[in-house]
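Notes follow the structure.
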Amino acid sequence: MAMSKRRRATLSRRAQYVLLIVVALVLAFIADWAELRRSFFDVDTAREMFPSILTVAFKNTLLYTAFGFAIALALGLVLALMKLSSVAPYRWLATIYIEFFRGVPALLVFIAIDTAVPLAFGIAFDTASKAGVALGLAGGAYIAETIRAGIQAVPKGQVEAARSLGMSPFRTTVTVVIPQAFRIVLPPLTNELILLTKDSSLISVVGLTRAEYELTKFGRETLSQNPTLTPILVAGLCYLIITLPLGHLSRHLERRTGGKKVKAPESTEV
Amino acid sequence: MGSEIAVEITGLKKSFGSLEVLKGIDARVGRGEVVCVIGPSGSGKSTLLRCVNLLEEPSAGRIVVDGVELTDPDVDIDAARTRIGMVFQGFNLFSHLNVLNNLTVAQRKVLKRDAKQAEGIALRNLARVGLSEKADAMPAQLSGGQQQRVAIARALSMDPDVMLFDEPTSALDPELVGDVLGVMRQLADEGMTMLVVTHEMQFAREVADRVLFMDGGYVVEEGPAEQVIGSPQHERTRSFLARVLNPTHQGPAAG
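Chains as they are written, first to last, in our numbering: chain A, 377 to 646; chain P, 13 to 267.
Given below as C-alpha cells:
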C-alpha cells in the first residue's frame, strides 16, 4: 500500500538524521585525533602568536582597511556623482573607471601600486598608503555603483520639495539627496566594508616588514616556522571578530530601512 | 479680485515629448486672491501649477510672479522660488530631518537666517497649523494629514507671497482631509494669495474667489466659484461636475 506524502516525508527526514550520525561516527573512529589536533590546533603555537597578532597584525588589518574604506568612499561618491552628471564626458570617464576596476582582480591593483606607480610617477608609498590606495581604487568602483543606486532611490519628490524652497541643484544634492542616499546604502556599504576587510589580505603579496604584517601575512609567516594550520586558523578567527559583527550590523540596518514607512503616492497626473 | 497681479500666465504651452499637455493657457491671480483649478485627471491642471514655479519648464509662453518673469532665461530661479510656496500631493517632507529641521533647513541654507531666527519662525508657523507639539517628531511618525500641515508650515516659513497647492488632500484618508482644508481656509482668510489644484468642490465653492475649469489642456471656463460650480455655462464643465458631485448617479444626461 502506498504511503501518504506526509509519512514519506517523515521517514526521509529520519533517514537523513541517521546518515548524518553514521558519517560522524565513522569519521570519529578513523581520525587520528592527536594528529588532527596538532595539525589544526596546536595550543603552544597559538599561544606563541599572542600578543603580537593583536598588537601588530590585527591592528594593521584594521588600519589598512579603514584607510582603504575612506579612500573608496570618497572616490565612490565622486564617481557616483560623475556617473549621474549631465556632462556626458564625466559619465563616460566614470563608466570606464568603474568597468575597468570591477573587471580586473584586486590583486593586480596591489601589484601595480607596488611596482608600476613608483616607477611611472616616482612616488614611493609607505605600506599603509599602498594598501589604502590599492583597496580604495578597487573598492571605489564597487562603492560608486552602490552609491549611485542609492542616489537614484531617493524619491523625486524630495528633490522637487528642495528646489521649490529655492535650493540650488548643488545645495539640494548636498543637503537632501546625499544624506538620504547614505541612509539607503548603509547596509550594502557595510557589506563592502566586509569585502575590503578580507581584501586587505592582498597586501601580503608586497614586501612587508615585521611591523607591517597584517593578519594573513602574519599567519603565513608563523606557519612557515610551525608546520601546523594553527596560525591560519587563528588569523581566520581574527577576521571573523571583524566580519561577523559587521555582517550582523548590515542585516540589522537592512531590516530597519526595509521596515521604513512607504511614501505617499506621487501625483500621476501630467 | 485683488487690484495687483500676483501671478500672470500668458500663452503657456507645455509638451512632454509629442504629448501636448497645455495648449495655450492665459490666467492670472490677483494679490490676496484664492483661485482653485478644477478639472478631470489628465486635463493638465497639475502641470499648469508646476509650471508656475518652473518645476516644469514651459515649452512656450510667459510666467510672471510678483513682477518677475520666471520664463526669462536670465532669471535667478532659486531666488524667485523662495517667494513661491509649494505644497505637494505626496507631502515630500525631508524624511531624514525632524519636523523642526524640515522647517528651518531652507531658511538657513537659502535665506541665510541664523538658527535662532529660523527656529522662531518655524515654531510660529507650526503653531499656525496646530502642530507645535510635533516639532521633534520625524515625518514617518506623523499621519498624512499632519505631514501635509507640516509641509504647509514649511512653505510658509519662507514667507512666500504666493502659495501653490497641488491636490493637497488627494493622498489623505477621508477623515484627515478636514484638518488640512481648515488650515488652507485659515490661510485664505488671512489674505494669502493661493493657487489651488483640487478635487474638493466644497472647498472651492466656499473658499475660492475664482475657479478655473480645465479640460484637454485648455481653460474651458472661469469665473466666480459660485458661478462655475453652481451654474456652469459649458457642457464639459456641467458633465464633469455632475460626475464629481454625484458619482453614483452617472448617466448620459448628467445634471
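We put the beta carbon where it would ideally sit given N, CA and C, even for glycine.
Compare the C-beta of residue i against all C-beta atoms of chain A and say whether one is closer than 8 Å.
{"i": "histidine 246 of chain P", "result": "no"}
{"i": "leucine 115 of chain P", "result": "no"}
{"i": "leucine 67 of chain P", "result": "yes"}
{"i": "lysine 121 of chain P", "result": "yes"}
{"i": "phenylalanine 100 of chain P", "result": "yes"}
{"i": "methionine 170 of chain P", "result": "yes"}
{"i": "leucine 257 of chain P", "result": "no"}
{"i": "methionine 13 of chain P", "result": "Its pLDDT being 41, under 50, methionine 13 of chain P is placed unreliably in this model, and the value from its coordinates should be taken loosely. It does not: the Cβ of methionine 13 of chain P has no partner Cβ on chain A nearer than 8 Å."}
{"i": "isoleucine 21 of chain P", "result": "no"}
Starting from residue i, find everything on chain A with Cβ-Cβ shorter than 7 Å and list it in chain order.
{"i": "alanine 118 of chain P", "result": "Leu541, Gly542, Met543"}
In chain A, what lies closer than 9 Å to residue i by C-beta?
{"i": "alanine 237 of chain P", "result": "What alanine 237 of chain P touches in chain A: nothing, since even the nearest Cβ is about 22 Å away."}
Give me the DSSP bridge partner(s) of residue i.
{"i": "arginine 74 of chain P", "result": "P:Thr22"}
{"i": "serine 27 of chain P", "result": "P:Glu32"}
{"i": "alanine 39 of chain P", "result": "P:Ile21"}
{"i": "phenylalanine 177 of chain P", "result": "P:Val99, P:Val208"}
{"i": "valine 47 of chain P", "result": "P:Leu207, P:Arg222"}
{"i": "tyrosine 230 of chain P", "result": "P:Asp227"}
{"i": "glycine 235 of chain P", "result": "P:Val223"}
{"i": "valine 610 of chain A", "result": "According to DSSP, which records beta bridges pairwise, valine 610 of chain A is partnered with nothing at all."}
{"i": "valine 80 of chain P", "result": "P:Val77"}
Determine whether the Cβ of residue i lies closer than 8 Å to any Cβ atom of chain P.
{"i": "proline 641 of chain A", "result": "Confidence at proline 641 of chain A is low in this model, with a pLDDT of 38, below 50, so the placement of that residue should be treated as unreliable; the coordinate-derived value is given next. Yes, proline 641 of chain A lies at the interface with chain P (some Cβ there is under 8 Å from its Cβ)."}
{"i": "arginine 559 of chain A", "result": "yes"}
{"i": "arginine 631 of chain A", "result": "no"}
{"i": "alanine 385 of chain A", "result": "no"}
{"i": "valine 582 of chain A", "result": "no"}
{"i": "isoleucine 592 of chain A", "result": "Sequence check: residue 592 of chain A is threonine here, not isoleucine. By this cut-off, threonine 592 of chain A is not an interface position."}
{"i": "arginine 586 of chain A", "result": "no"}
{"i": "lysine 636 of chain A", "result": "Bear in mind that a pLDDT of 44 at lysine 636 of chain A, under 50, signals an unreliable position, so the model cannot answer this."}
{"i": "alanine 525 of chain A", "result": "no"}
{"i": "arginine 478 of chain A", "result": "no"}
{"i": "alanine 537 of chain A", "result": "yes"}
{"i": "valine 414 of chain A", "result": "Strictly speaking, residue 414 of chain A in this sequence is arginine, with valine absent from that position. Arginine 414 of chain A does not count as touching chain P."}
{"i": "arginine 382 of chain A", "result": "no"}
{"i": "arginine 423 of chain A", "result": "no"}
{"i": "valine 646 of chain A", "result": "Caution is warranted here: a pLDDT of 35 is assigned to valine 646 of chain A, below 50, making its placement in the model unreliable, and no coordinate value can be reported."}
{"i": "arginine 547 of chain A", "result": "yes"}
{"i": "valine 394 of chain A", "result": "no"}
Name the chain P residues whose beta carbon is nearer than 8 Å to that of residue i?
{"i": "glutamine 534 of chain A", "result": "Asn104, Phe106, Ser107"}
Name the chain P residues whose beta carbon is nearer than 9 Å to that of residue i?
{"i": "proline 555 of chain A", "result": "Phe106, His108, Leu109"}
{"i": "arginine 390 of chain A", "result": "Within chain P, no residue comes near arginine 390 of chain A; the closest Cβ sits about 49 Å away, beyond 9 Å."}
For residue i, go through chain P and note every residue whose CB falls closer than 7 Å to its CB, in chain order.
{"i": "threonine 551 of chain A", "result": "Val117, Lys121"}
* **Contact residues within the stretch 78–95 of chain P, judged by C-beta distance below 7 Å to chain A** => Asp90, Ala91, Arg93, Thr94
* Complete runs of the alpha helix (DSSP H) confined to the stretch 406–471 of chain A [at least 4 residues] -> 409–416, 419–425, 435–459
* Runs of alpha helix (DSSP H) lying entirely within the stretch 504–543 of chain A, each at least 4 residues, in chain order -> Within the stretch 504–543 of chain A, the complete alpha helix (DSSP H) segments at least 4 residues long are 532–540, listed from N- to C-terminus.
* Asked: Along the chain, which unbroken stretches of the alpha helix (DSSP H) at least 4 residues long are found entirely within the stretch 103–138 of chain P?
  -> 111–121
* To do: Could you tell me which uninterrupted alpha helix (DSSP H) segments, each at least 4 residues in length, are contained entirely in the stretch 567–592 of chain A, listed from first to last along the chain?
  => none
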